[in-house]
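Quick note: the sequence shown, position 48, residue 443 per this note's numbering, numbers continuous. Using N, Cα and C, we set each Cβ at its ideal position, and we do this for glycine too. These numbers come from a predicted model, not from an experiment. Below is one structure; the comments refer to it alone.
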Amino acid sequence: MAAADGGRPEPGSEAGIDELQADIERTRHELGETVGALADKVNVPARARERVAETRGAAVDQAHRVQHTLRTRPRVDAAVVIAVLVAVGAVVWVRRRR
396 MAAADGGRPE PGSEAGIDEL QADIERTRHE LGETVGALAD KVNVPARARE RVAETRGAAV
456 DQAHRVQHTL RTRPRVDAAV VIAVLVAVGA VVWVRRRR
């Protein structure tokens with residue numbers, strides 16, 4: 396008995412119908428998972444939306460950190476805060492253009 400995928404062995408010639416049907420069902424399940432994974436990889440619009448959501452989340456997190464810093468350290472120079480916000484905005488803008 397040789398293993399086709401390096402994992403479980405294929406049923407032998409003396410395998411019963413139940414064993415063959417179970418092997419077919421396992422193979423169908425594995426194939427379905429593989430096709431699903433490949434479909435996810437080639438779905439460019441969905442991947443782009445995920446990336447935009449990640450970037451947007453990072454920008455919101457950065458804005459919250461800046462707000463916290465302003466509340467805890469009121470002497471923070473306004474130019475630094477503006478520079479950080481401009482940098483985050485630029486990153487979001489550049490990534491959205493791609």
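(request) Pull up the CB-CB distance for Val483 and Ala454, whole angstroms please, since I reckon it's below 8 Å. (result) 5 Å
(request) Taking 8 Å as the threshold, find out whether the segment 454–463 comes into contact with the segment 478–492 through three or more Cβ pairs. (result) yes
(request) Alpha carbon to alpha carbon, how far is Thr464 from Arg421? Give it in angstroms, no decimals. (result) 55 Å
(request) State the DSSP-derived secondary structure class of Glu420, mapped to helix, strand or coil. (result) helix
(message) Can you look up Pro504 in the DSSP assignment and give me helix, strand or coil?
(response) The structure shown does not extend to residue 504, since the chain is modelled only from 396 through 493, so no value can be given for it.
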